[in-house]
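Engineer: The structure's right below; bear with me while I get my questions together.
Numbering (our numbering), first residue to last: 22 to 297.
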């Protein structure tokens, strides 16, 4: 009886398997794999989160796909000993995991900083990537934050990391409809990180220019964005004419947590339209 129940559960929700692989600079990368089927889905989390960000997606999509979640270095169960943080090195980290698992056809789903990381990963393995799904990211690649404004933010975070980050997150990332539980979770995770490392990674995000990678990317790009901030398709299509987006109404920066049912529906529709 017990073995029969385990077999039934494995069919409807394959058990996850976790492992580690060393990045090119030796930093351990923790990842989890669940399910079977192509294309494989590689979920890339945002700044200050980890692979658990996708807890509402993994069981659903593991029914038909091999699903991989990664803890990027500096996050979750991965190592923190990187000397220089960059979007480019994170792109190499994703390639390292995909290569270790020998995934031939992958869709990269990247939340916030995970989207430019997906672009960089695609530059490094274009033969493996079938599509990129940015999540509330790459809203307008022509829009740049003036350096003097960023300098003010860095000084605020260095002086009072928890207080400044809480204020900035409430101002820019949450919508009036963001559930209180999501706000609490995001702020708890973000404010509990080592400030020096967290700020260094954040600086790397804002130093990155996505335009060159967008120009090189030929695979479909289908974004799933909230409506907290507008998406400028015209600007993005100057560099990647295939760039498209669907918008989740009444959602902030974390649609996979704020409205998981709608997010999963939209991702399913995107996957169904990809070339076989």
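Cβ atoms here follow ideal geometry from the backbone N, Cα and C, with glycine treated the same way.
Between which two residues does the beta strand (DSSP E) holding residue 199 run?
Structural biologist: If you look at residue 199, you'll find it isn't in any beta strand (DSSP E); DSSP assigns it neither H nor E.
Engineer: When we look at the beta-carbon of residue 39 and count the other beta-carbons within 10 Å, is it buried (16 or more) or exposed?
Structural biologist: exposed
Engineer: From residue 245 to residue 50, what distance separates their C-alpha atoms?
Structural biologist: Inter-residue distance for residue 245 and residue 50 is about 26 Å (C-alpha atoms, whole angstroms).
Engineer: Can you tell me where the beta strand (DSSP E) with residue 55 in it begins and where it stops?
Structural biologist: 49 to 55
Engineer: Cα separation between residue 46 and residue 125?
Structural biologist: 24 Å
Engineer: Taking the alpha carbon of residue 123 as the point to measure from, which residue in 234, 63, 103 has its own alpha carbon closest?
Structural biologist: That would be 63, whose Cα lies nearest to the Cα of residue 123.
Engineer: Please classify residue 293: does DSSP put it in a helix, a strand, or coil?
Structural biologist: helix
Engineer: Pick helix, strand or coil for residue 40, following the three-state DSSP scheme.
Structural biologist: strand
Engineer: Could you check what DSSP says for residue 105 in three-state terms: helix, strand or coil?
Structural biologist: Coil at residue 105, not helix or strand.
Engineer: Would you tell me roughly how many angstroms separate the C-alpha atoms of residue 229 and residue 222, rounded to the nearest one?
Structural biologist: 11 Å
Engineer: Under 8 Å by Cβ, that's how I've got residue 242 and residue 147 pegged, so tell me the actual separation to the nearest angstrom.
Structural biologist: About 13 Å separates the beta carbon of residue 242 from that of residue 147, a gap too long to meet the 8 Å contact definition.
Engineer: Checking 8 Å against the spacing of the C-beta atoms, do residue 83 and residue 127 come in under that value?
Structural biologist: no
Engineer: Within 10 Å of its beta-carbon, does residue 180 have 16 or more other beta-carbons around it, so buried, or fewer, so exposed?
Structural biologist: exposed
Engineer: Taking C-beta to C-beta, are residue 78 and residue 280 nearer than 8 Å?
Structural biologist: no
Engineer: Cutting at 7 Å between CB atoms, please list the residues of its own chain near residue 275, excluding the five before and the five after it.
Structural biologist: 203, 207
Engineer: With H, G and I counted as helix, E and B as strand and the rest as coil, what does DSSP make of residue 208?
Structural biologist: helix
Engineer: Quick check: the Cα distance between residue 189 and residue 213, rounded to an integer number of angstroms?
Structural biologist: 15 Å
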